[in-house]
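Written below as structure tokens is the structure these notes are about.
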Amino acid sequence: MWQYEGAMEGEVAAVAVSSMAANKVSLTIDGEEETAERRFERLISENPVVIFTRSSCYMCHVMKKLLSAIGVHPTVIELEEGEVDALAVLDEGSSSDSGGRVVVPAVFIGGASIGGLERLIALHLSGNLIPKLREAGALWA
Numbered sequence: 001m002w003q004y005e006g007a008m009e010g011e012v013a014a015v016a017v018s019s020m021a022a023n024k025v026s027l028t029i030d031g032e033e034e035t036a037e038r039r040f041e042r043l044i045s046e047n048p049v050v051i052f053t054r055s056s057c058y059m060c061h062v063m064k065k066l067l068s069a070i071g072v073h074p075t076v077i078e079l080e081e082g083e084v085d086a087l088a089v090l091d092e093g094s095s096s097d098s099g100g101r102v103v104v105p106a107v108f109i110g111g112a113s114i115g116g117l118e119r120l121i122a123l124h125l126s127g128n129l130i131p132k133l134r135e136a137g138a139l140w141a
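Everything in the sequence shown is counted per the UniProt record's numbering, starting at 1 for the first residue and increasing by one.
Written as structure tokens, this is what we have:
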């Protein structure tokens, strides 16, 4: 089951949940089934801030609270266990210091992988988070 929870400025958050394993419905684009990697790439490119997480993740809650306090409403994607590997493909060329493994929750700002909660907080404490969010279009003036 994956959940999509996000909102554009002034919109109500949308939640789309696929049914259980036997009843899953794959998203198709132009007759082609969309892979998890392609779906993640699309979501990252369409949204200024994306958090990939697992269900009931307290670190994701802290990330959302921090970003919300700044005035940013991230798109949050809940991953199934098998989808974490698909996320690893996207994170391979990033600047995150995860030692080759995927950090979940993972934050993407402006299409770039930031890393996990520790990296997000480090960006904020160094004063680099808000400029990065403005550059990505997640914050205005």
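No residue lacks a Cβ here, since even glycine has one placed at the ideal position from N, Cα and C.
> Are the beta-carbon atoms belonging to V50 and T75 less than 9 Å from one another?
Replying inline: yes
> Once you ignore the five residues that flank S95 on each side, which residues in its own chain have a CB closer than 6 Å to its CB?
Replying inline: The predicted model places S95 with a pLDDT of 48, which falls under 50 and marks its position as unreliable; any figure quoted below should be read in that light. Correct list: empty, nothing qualifies.
>> On a Cα-Cα basis, can you pick out the residue from C60, A36, G110 and C57 that is closest to E46?
In response: G110
> In or out: S26 buried (at least 16 other Cβ within 10 Å) or exposed?
Replying inline: Confidence in S26 is poor, its pLDDT being 49 and thus under 50, which makes the residue's placement too unreliable to answer from.
> Apart from the five residues just before and just after A86, which ones in its own chain have a Cβ nearer than 6 Å to its Cβ?
Replying inline: A36 and E37
> With L133 and L125 assumed to form a contact (beta carbons below 8 Å), what rounded beta-carbon distance in angstroms separates them?
Replying inline: Their Cβ separation, rounded to whole angstroms, is 15 Å, which puts L133 and L125 out of contact at 8 Å.
> What span of residues does the alpha helix (DSSP H) with V62 cover, start to end?
Replying inline: Y58 to I70
> V84 by DSSP, collapsed to three states: which one?
Replying inline: helix
> By how many angstroms is the C-alpha of E78 removed from the C-alpha of A88?
Replying inline: 15 Å
>> Does S126 come out as helix, strand or coil in the three-state DSSP assignment?
In response: coil
>> Closest to A136 by C-alpha separation, out of I44, C60 and G116, would be which residue?
In response: I44
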